[in-house]
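Residue numbers (our numbering): 38 to 385.
Now the structure itself:
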């Protein structure tokens, strides 16, 4: 089996179907999803040839039976083909990234590299259709919602996270701490059938002494997705007359539930929550957040958020909108022409 023959045994149409499923799972760029699907299929075909002595076209991707040898040169041909941007070294770095994302296991004995696809049951067994599932917006329940939503945020921002084992527990602790200190600012999008949370909005009132962070590069104040121990943003307490800013620390919906209707549902609730927060913080007038994924760039334009301080080392910006302008918005009208992409997320 040679990399150049992959499309003969696993068609581009089938590859695209699995790429779409991976994007719905979240935490991957389209390019990395494409590379992973091609690598998975190639490893399956190599294993099939070793076991059966011949090759048959694949109809679906299945778990591997153990490790399969694969060189960086093979991976480079799979990923990049004849494109100039590919190299053995680049392919090796991509494999390391797929390992870090929890998609692959690898073993190197000093001479040969072997790979295995980690269990991904959601791609092997077709998920239950969500076409009839309705969603509601509800208070965040720290007892039942913390772990699912911490995992959702971790998957969504895998691109920014170096060590999931450190970051995921930190996100969970932060969620529970924030919910204890200001529960009004945490809202979830919840399935009506099994009550599982599939989205979260965190409105975080900021002390006046923390506002300087909005005027420097965003990466200098990343907290949830890093191993930084100190949170650069301090939460204001209700009644603080100096609190003028609210930081949208997370606004995430699982990709499979992304629709204009569900976006409108969570945005309308966000408006209502901000009105309630004005009773606690009478001088609240500024909304800040971050843009990370392409869909939220389009959503930013539809809602009227302006880019402010950029990050010159990364393609991130703080974005800003006056609270009064947001509360005046007709959400359904503003999002009427929104075209959804494949990935979404806005967070620290």
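Each residue gets a CB set at the ideal place from its N, CA and C atoms; glycine is no exception. Since this is a predicted model, take the numbers as computed values, not measurements.
Between residue 214 and residue 187, the gap from beta carbon to beta carbon reaches 8 Å or more. Listed in chain order, the beta strand (DSSP E) runs fully inside the stretch 281-330 are 282-290 and 323-328, counting runs of at least 3 residues. Residue 326 and residue 283 have their C-alpha atoms spaced approximately 9 Å apart.
With respect to residue 106, residue 78 sits apart: the two C-beta atoms are not nearer than 8 Å. Assigned with DSSP and collapsed to three states, residue 275 falls in coil, not helix or strand. Distances from the CA of residue 137 to each of 349, 191 and 221 were compared; the closest alpha carbon is that of 191. Beta-bridge partners of residue 355 (DSSP): 327.
A Cβ-Cβ contact shorter than 8 Å links residue 281 with residue 320. Taking the Cα of residue 266 as reference, the smallest distance to any Cα among 322, 208 and 334 is reached at 208.
Rounded to whole angstroms, residue 371 and residue 66 show a C-alpha spacing of 27 Å.
For the pair residue 91 and residue 45, the Cα-to-Cα distance works out to about 14 Å.
Contiguous beta strand (DSSP E) elements confined to the stretch 213-254 occur at 223-228 and 234-243, taking only those with 3 or more residues.
C-alpha of residue 55 to C-alpha of residue 290: approximately 21 Å in a straight line. Residue 142 and residue 355 have their C-alpha atoms roughly 36 Å apart. Judged by pairs of C-beta atoms under 8 Å, the stretch 214-224 touches the stretch 168-185, as three or more such pairs exist. Per the coordinates, the alpha-carbon of residue 238 lies some 23 Å from the alpha-carbon of residue 279. Distance between residue 374 and residue 152, taken at the CA atoms: about 44 Å. The straight-line gap separating the alpha-carbon atoms of residue 367 and residue 240 is approximately 20 Å.
Note on geometry: alpha-carbon atoms of residue 111 and residue 144 lie some 16 Å from one another. For residue 174, the three-state secondary structure derived from DSSP is strand. Residues of the same chain with a CB within less than 7 Å of the CB of residue 81, apart from the 5 flanking positions on each side, are 95, 98, 99 and 101 in chain order. When the beta-carbon positions are compared, residue 226 and residue 298 stay at least 8 Å from each other.
Looking at 285, 295 and 259, the one whose alpha-carbon comes closest to that of residue 310 is 285. The straight-line gap separating the alpha-carbon atoms of residue 70 and residue 274 is approximately 43 Å. Assignment of beta strand (DSSP E) within the stretch 111-146, counting only whole runs of 3 or more residues, yields 141-145 in chain order. Secondary structure of residue 81 (DSSP, three-state): helix. Residue range 343-347 is occupied by the beta strand (DSSP E) that includes residue 347.
Taking the Cα positions, residue 140 is about 30 Å away from residue 169.
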